[in-house]
Every structure is written in structure tokens, then in C-alpha cells.
Amino acid sequence: MIHVRNLTHRYGDRVALSNVNFDVAPGEIFGLLGPNGGGKSSLFRILATMMAPTEGSAEINGHDVASDPSGVRRSVGVVFQTQSLDKALTVEENLRAQGHLHGLSGVVLRDRMHHAMQILGIDDRRKDLVETLSGGLRRRVEIAKALLHKPKVLLMDEASTGLDPAARRELGHHMQLLRDQEGVTILLTTHILAEAERCTRLLLLHQGHIVTQGTPAQLRASIGGDVVVLETSDAKALAADIQDRFGFSATARDGEVRVEIQSGHRFIAEVVEAFPGAIESVGLHKPSLEDVFMRETGAAID
Amino acid sequence: MTSFLLPAATLWQRELVRFWRQKSRVLSVVASPLIFWLLIGYGSNDLARYYSGTLVLTVMFSAIFSTISIIEDRREGFLLSMLVSPAPRTSLVLGKILGSATLGWIQGLLLLVFAPLAGVTISLAAFLPVVAAMFLISFTLTGLGFAIAWKMDSTAAFHGIMMLLLVPMWMVSGALFPMATAHGVVKTLMWANPLTYSVSLLNFTLGLPNAVPEPGLSLIVTIATGLALLLLSGMLAAQKSSRSSA
Numbered sequence: 046m047i048h049v050r051n052l053t054h055r056y057g058d059r060v061a062l063s064n065v066n067f068d069v070a071p072g073e074i075f076g077l078l079g080p081n082g083g084g085k086s087s088l089f090r091i092l093a094t095m096m097a098p099t100e101g102s103a104e105i106n107g108h109d110v111a112s113d114p115s116g117v118r119r120s121v122g123v124v125f126q127t128q129s130l131d132k133a134l135t136v137e138e139n140l141r142a143q144g145h146l147h148g149l150s151g152v153v154l155r156d157r158m159h160h161a162m163q164i165l166g167i168d169d170r171r172k173d174l175v176e177t178l179s180g181g182l183r184r185r186v187e188i189a190k191a192l193l194h195k196p197k198v199l200l201m202d203e204a205s206t207g208l209d210p211a212a213r214r215e216l217g218h219h220m221q222l223l224r225d226q227e228g229v230t231i232l233l234t235t236h237i238l239a240e241a242e243r244c245t246r247l248l249l250l251h252q253g254h255i256v257t258q259g260t261p262a263q264l265r266a267s268i269g270g271d272v273v274v275l276e277t278s279d280a281k282a283l284a285a286d287i288q289d290r291f292g293f294s295a296t297a298r299d300g301e302v303r304v305e306i307q308s309g310h311r312f313i314a315e316v317v318e319a320f321p322g323a324i325e326s327v328g329l330h331k332p333s334l335e336d337v338f339m340r341e342t343g344a345a346i347d
Numbered sequence: 074m075t076s077f078l079l080p081a082a083t084l085w086q087r088e089l090v091r092f093w094r095q096k097s098r099v100l101s102v103v104a105s106p107l108i109f110w111l112l113i114g115y116g117s118n119d120l121a122r123y124y125s126g127t128l129v130l131t132v133m134f135s136a137i138f139s140t141i142s143i144i145e146d147r148r149e150g151f152l153l154s155m156l157v158s159p160a161p162r163t164s165l166v167l168g169k170i171l172g173s174a175t176l177g178w179i180q181g182l183l184l185l186v187f188a189p190l191a192g193v194t195i196s197l198a199a200f201l202p203v204v205a206a207m208f209l210i211s212f213t214l215t216g217l218g219f220a221i222a223w224k225m226d227s228t229a230a231f232h233g234i235m236m237l238l239l240v241p242m243w244m245v246s247g248a249l250f251p252m253a254t255a256h257g258v259v260k261t262l263m264w265a266n267p268l269t270y271s272v273s274l275l276n277f278t279l280g281l282p283n284a285v286p287e288p289g290l291s292l293i294v295t296i297a298t299g300l301a302l303l304l305l306s307g308m309l310a311a312q313k314s315s316r317s318s319a
């Protein structure tokens with residue numbers, strides 16, 4: 046459904062995307078995960094036909110973003126990070142205007158509006174001015190708006206930023222619904238791990254490069270066993286000591302030492318015993334996407 | 074054809090709906106030119122002299138307020154989803170300009186109520202030409218506002234342009250002093266200023282003195298300027314970008 050080949054984008058001398066390649070199959074919920082400034086937004090803008098890539102190509106539903114932007118625009122629904130609704134208009138008026146922009150009118154438009162509002166559960170708010178809606182509801186109106194022309198692909202930029210956890214879960218539920226009932230392929234950018242966990246596949250972007258890609262489970266499995274985090278006053282020294290003593294790698298970062306290890310509980314007992322007084326607190330958890338990102342880039346996601 | 078007209082019509086309608094829901098905006102746009110007019114007019118004991126200029130100023134303020142929203146809208150907001158829709162850019166530009174022009178026109182028309190103060194009685198026969206001239210002028214000024222706003226990154230810069238370009242343009246349009254008695258350099262500026270023709274057109278249709286340059290020329294220049302600015306705006310909006318959101 047989406048094919049990206051050797052995509053590179055530069056702003057002057059600054060490289061925002063460097064030789065990015067990936068494919069998204071129909072029916073996926075595909076996540077671009079990375080910190081702000083990692084290249085997600087540039088990639089999103091290129092896919093949404095808001096800017097042309099410096100090099101390489103991107104194709105959505107058989108249309109090239111650079112040579113056939115209107116073909117792409119008919120195939121995709123775009124949900125922006127910033128609000129694109131007119132606050133002075135009602136939900137219904139916003140949707141109708143958007144339908145008109147896509148050349149829809151009359152009964153067809155009315156049916157599509159009704160359907161989109163129903164699937165996103167905003168039917169009862171259709172007469173309300175957008176400025177009276179909560180952030181979560183507004184986001185759902187944005188999605189309804191993006192669905193009117195029955196796009197094959199939904200592009201969502203940081204869709205859940207600024208939402209509280211409950212609204213975020215709700216949004217995730219609606220995304221599943223769209224994929225299952227409407228067969229919409231979803232590509233989203235995010236730096237929120239809970240959101241990334243719900244994706245069928247993830248692409249980790251850092252400094253314009255693809256760091257790794259796979260299903261959330263695959264990515265987590267790439268770190269075997271457990272992650273142990275030790276808080277200490279001198280992380281570098283402790284990491285070096287652990288390496289000397291136990292013979293496996295430990296990474297130091299901001300007053301903590303992280304160790305990926307098969308049997309974390311055993312290691313904890315040994316390490317506390319070995320360096321009495323040097324460790325202020327100890328944490329053990331199963332690998333998360335955050336750990337994957339940290340291992341691949343040495344940087345935190347937010 | 075529908076795919077061209079429908080987006081334009083919906084944007085036009087959006088401007089009107091928003092306008093209707095923010096009626097207090099009308100007051101601020103209409104009030105300041107009205108106060109200027111009453112102060113200058115009563116101060117110089119010649120309300121008629123400044124009436125056409127006041128109408129043009131009202132329309133200009135309205136055009137500025139409408140088009141300034143393009144700057145905010147382009148970064149975030151409604152315009153963003155317009156730009157990723159398959160609707161032709163030229164249709165979006167036309168809709169936005171027609172919508173804003175209509176608002177300027179309506180606000181200008183509100184000031185016609187005060188015509189008797191200027192000693193002007195608008196006959197039924199004169200009403201249509203006046204109203205048509207007002208729309209033309211509003212359309213031209215909105216086109217100017219759009220062309221300026223499209224490339225701007227900040228509303229602060231737009232305010233700068235307004236004070237440095239638009240207000241001086243209005244001052245040398247015949248709104249404050251007639252062309253006949255103006256100094257050489259200013260006179261040349263007046264000839265080059267499209268607003269001069271707007272003021273003249275209004276003076277003519279309202280039956281006021283100082284309809285200079287002559288009405289025929291004024292009409293042609295106003296229409297030509299409006300169309301040229303529409304074309305320019307369309308071209309600006311159709312430009313592909315490798316940089317930012319537009």
C-alpha cells in the first residue's frame with residue numbers, strides 16, 4: 046500500500062531523512078516511532094504531499110507523491126498534529142466543508158458524514174461548535190473529517206499528543222475499528238510508547254535514519270531476558286566496574302546504568318553484593334520499546 | 074467543473090458563517106474608519122470630502138483582517154487540510170478571496186447608512202453602481218491582502234507591511250487630499266496607486282466631486298488590478314514547496 050524507496054530529504058545542508066526504505070502492507074497499523082526531530086515529521090509531510098522529497102520516491106496506493114500528488118490526495122486521509130478544524134463552525138459544518146473540498150455533495154456526502162460520525166462516536170455532537178468539544182472529541186472529529194472520501198490510507202501525525210490516557214485508549218480503539226471494519230491502512234507517527242505498542246509494525250527513526258523495524262514483539266524480543274536499571278551517583282564508573290567484573294556490557298546514562306541480561310533477578314543479587322554502597326536504587330523490567338530505542342540509538346525517545 | 078466550484082463555494086460560505094458568528098468583529102472594523110471620518114470630517118467641516126476615502130478604508134481594514142488569518146491558518150488549522158485535499162489550489166484561492174471580499178463589501182455597505190451625513194442621497198438608480206463599485210474595490214483589496222499574506226511567516230510582519238504599505242497607499246489615494254493640488258512626487262504616486270482609482274470610482278458613483286482620474290479609466294484599472302492580484306495569488310498558492318507546509 047505504501048512503498049518508500051531511498052528517500053532522502055535535506056533542508057539546505059541539514060539532512061532530515063537519509064536513504065529511508067520501507068513498505069506498508071494493506072491493513073497494517075504502521076508506526077513511525079522516534080524522538081522529535083528524528084525525521085518523522087519530514088517523512089509525514091512528504092507522504093501527505095505537503096512537500097516534495099529531495100531524492101528518492103514514495104508511492105501510496107500506486108500514486109507517486111511527487112509526480113501524482115492529487116492521486117495521493119484522493120487515496121489518503123490526513124490527520125494533523127495541530128488542529129485543522131474551524132472552531133467557529135459546528136462538527137457537521139466542518140465535515141461538510143471537507144466533503145466539498147473532495148467534490149462530494151448531496152446524499153452521498155450526507156451518508157458519508159453520518160457513517161464517519163457514527164464510527165467515531167461523535168454522532169450526538171454533530172450540532173455542537175467545535176470550540177465546545179474536548180481535545181479527545183476534537184481529535185475524533187479530525188479523523189471523521191479525514192475519512193469522508195473513503196481513503197485507503199489514513200496518515201496520522203502525533204495523533205494522540207496532548208490527549209489524556211483515557212482519550213488515548215479511546216483513540217486506539219477507534220483506530221482498530223477503522224482497520225477491522227473499514228479496511229483502512231493506518232500510518233501514524235508517535236513518540237508515545239503506549240501508542241506504538243498498538244501498532245502492527247514499527248519503524249524506529251533517529252536522526253533521519255531507520256534504526257530498526259519490526260513488530261513490537263519482535264523488537265522487544267531483540268533484547269533477550271530482562272533489563273536492569275541501577276541508579277548511582279557515578280554511572281560511568283559503575284558501568285566500567287560491571288563490565289570488568291561480570292564481562293558483559295553496561296551502558297551509563299544520566300546517573301543510571303542499564304544492563305540487558307537473561308536472569309535479571311540473579312544479577313541484581315550479585316551486583317548489589319559486589320558494589321555495596323555504590324547503588325542507590327535497583328529496577329528490573331521486561332524489555333520495552335523504550336529499551337530497544339535506547340539500545341539502538343543511545344538516546345531516550347522523549 | 075463541480076470539483077472546481079464546490080470547494081470555492083464552500084470556502085466562501087465558511088467566511089460568511091464565521092463572520093456571522095463573530096459579529097463583534099464587524100463593530101471594530103466599521104467603527105474605527107467611522108470615528109476617523111467623523112473627527113476629520115467635522116474638524117475640517119467637510120464630511121463629503123472624506124466619505125469615499127472612509128468607505129475604502131473600511132473595506133481595506135476588513136480585507137486585512139480576513140487575509141491575516143491565512144498566516145495562522147497556513148501553519149496550523151483549516152488551510153492545512155485544504156492543502157492536502159485534491160481541490161485545485163486556484164479554486165481555494167478564489168473561494169477565500171471571494172469570501173473575504175464579500176465580508177469587506179458588507180462592512181463597507183454598512184457605512185452607506187451614514188451617506189446623508191455627507192450630504193449624499195443615493196437614488197435607486199445610483200444604488201447598483203455604488204454597490205458594484207464597492208464589491209470591485211473589496212475584491213481588489215482582498216487580492217492584495219492575500220498576495221501579501223501568502224508568503225508571510227508571521228502576523229507581526231503583516232502588521233509592518235500594513236503600516237508601511239497599505240496605510241500610506243490609502244493616504245495618497247485621494248482619500249485625504251485631491252490629486253489636483255498634490256505636489257509633483259505625490260501626484261506621480263497617486264497615478265501609480267490602484268486605490269486612487271477606487272476612490273475616484275466611488276466619488277463618481279456617489280455623485281461627489283473629485284472623480285479623478287476619469288470614471289472609465291478608474292473602472293478599468295480597478296478591474297484589471299483585481300484580476301491581476303487574483304492571478305498572482307493563484308500562482309503563489311500553486312507553487313510547490315520543498316520547504317514548509319505549503
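Here the protein sequences line up with chains A and B, keeping their order. 266 is the number that the numbering used here gives to position 221 of the first sequence; each next residue is one higher, with no gaps. 262 is the number that the numbering used here gives to position 189 of the second sequence; each next residue is one higher, with no gaps. Note that beta-carbon positions come from the ideal geometry of N, C-alpha and C, so glycine has one too.
Discussion item. Is there a C-beta anywhere in chain B that falls below 7 angstroms from the one on aspartate 109(A)?
Written reply: no
Practice prompt. Quick one: using the 10 Å Cβ neighbour count with 16 as the cut-off for buried, is phenylalanine 293(A) buried or exposed?
Written response: It counts as exposed.
Discussion item. Using a Cβ-Cβ cutoff of less than 6 angstroms, which residues in the same chain neighbour isoleucine 287(A) once the five nearest sequence positions on both sides are dropped?
Written reply: Ala295
Worksheet item: Are the beta-carbon atoms belonging to tyrosine 115(B) and alanine 191(B) less than 7 angstroms from one another?
Response: no
Practice prompt. Classify glutamate 73(A) as helix, strand or coil using the three-state DSSP reduction.
Written response: Of the three classes helix, strand and coil, the one that applies to glutamate 73(A) here is coil, per DSSP.
Worksheet item: histidine 254(A) lies in the beta strand (DSSP E); which residues open and close that run?
Response: 254 to 259
Fill in: Candidates Arg311(A), Glu305(A), Asp202(A), Asp156(A), of which the one nearest methionine 339(A) by Cα
Glu305(A)
Worksheet item: Less than 6 angstroms between the CB of alanine 121(B) and some heavy atom of the ligand HEM, yes or no?
Response: Of the ligands one can find in the structure shown there are none, so the ligand HEM has no counterpart to examine.
Fill in: Between the CA atoms of aspartate 279(A) and glutamate 187(A) - distance to the nearest angstrom
48 angstroms
Worksheet entry | Contact set between methionine 155(B) and chain A, taken where Cβ atoms lie within less than 8 angstroms | Leu146
Practice prompt. Whole angstroms is fine: what's the gap from aspartate 336(A)'s alpha carbon to glutamate 137(A)'s?
Written response: Cα to Cα, the separation comes out at about 43 angstroms.
Practice prompt. Identify every residue that forms a DSSP beta bridge with threonine 234(A).
Written response: Leu77(A), Asp202(A)
Worksheet item: Hey, is threonine 140(B)'s beta-carbon within less than 7 angstroms of any beta-carbon in chain A?
Response: Contact of threonine 140(B) with chain A is not assigned, every C-beta pair being separated by 7 angstroms or more.
Worksheet item: Whose C-alpha, out of Ala222(B), Leu79(B), Val272(B), is nearest the C-alpha of alanine 121(B)?
Response: Val272(B)
Item to complete: Would you identify the three-state DSSP class for arginine 243(A), choosing helix, strand or coil?
Response: coil
Discussion item. Can you look up glycine 280(B) in the DSSP assignment and give me helix, strand or coil?
Written reply: coil
Discussion item. According to DSSP, is leucine 250(A) part of a helix, a strand, or is it coil?
Written reply: Three-state result, leucine 250(A): strand.
Discussion item. On the DSSP bridge list, what partners appear for aspartate 109(A)?
Written reply: Glu104(A)
Item to complete: Report the three-state DSSP secondary structure of aspartate 225(A) (helix, strand or coil).
Response: Aspartate 225(A) falls in the helix class under three-state DSSP.
Practice prompt. Give a yes or no on contact between the stretch 90 to 99 of chain A and the stretch 243 to 251 of chain A, applying the rule of three or more CB pairs nearer than 8 angstroms.
Written response: no
Practice prompt. Show which residues of chain A have a CB atom less than 7 angstroms away from the CB atom of proline 159(B).
Written response: Ser115, Arg118, Arg119, His147
Worksheet item: In terms of DSSP beta bridges, what is threonine 295(B) paired with?
Response: The bridge partners DSSP lists for threonine 295(B) come to none.
Practice prompt. Can you have a look at glutamine 163(A) and say buried or exposed, based on whether 16 or more other CB atoms are within 10 angstroms of its CB?
Written response: Counting of Cβ neighbours within 10 angstroms places glutamine 163(A) among the exposed residues, the total staying below 16.
Worksheet entry | 7 angstroms Cβ cutoff, threonine 53(A) in contact with chain B | No - not a single Cβ of chain B is within 7 angstroms of the one on threonine 53(A).
Worksheet item: Taking buried to mean at least 16 other C-beta atoms within 10 Å of its own C-beta, is isoleucine 58(B) buried or exposed?
Response: Lying before the first or after the last residue shown, residue 58(B) is absent from chain B, which here runs from 74 to 319.
Worksheet item: Does leucine 300(B) come within less than 7 angstroms of chain A when only Cβ atoms are used?
Response: no
Worksheet entry | Between the CA atoms of leucine 167(B) and arginine 243(A) - distance to the nearest angstrom | 43 angstroms
Worksheet item: What does leucine 79(B) reach in chain A if we use C-beta pairs closer than 7 angstroms?
Response: Simply His145, Gly148, Ser150.
Discussion item. Quick check: is the beta carbon of aspartate 131(A) nearer than 7 angstroms to any beta carbon in chain B?
Written reply: At least one CB of chain B lies nearer than 7 angstroms to the CB of aspartate 131(A).
Discussion item. To the nearest angstrom, how far is the alpha carbon of alanine 199(B) from that of threonine 278(B)?
Written reply: 7 angstroms
Discussion item. I'd like to know if glycine 114(B) contacts chain A, where contact means its C-beta is closer than 7 angstroms to some C-beta of that chain.
Written reply: For glycine 114(B), no Cβ of chain A is located within less than 7 angstroms of the residue's own Cβ.
Practice prompt. Quick one: residues in its chain with C-beta nearer than 7 angstroms to the C-beta of glycine 216(B), no 5 flanking neighbours on either side, listed in chain order?
Written response: Ile170, Gly299, Leu302, Leu303, Ser306
Worksheet entry | Alpha carbon of valine 152(A) to alpha carbon of alanine 191(A), nearest angstrom | 18 angstroms
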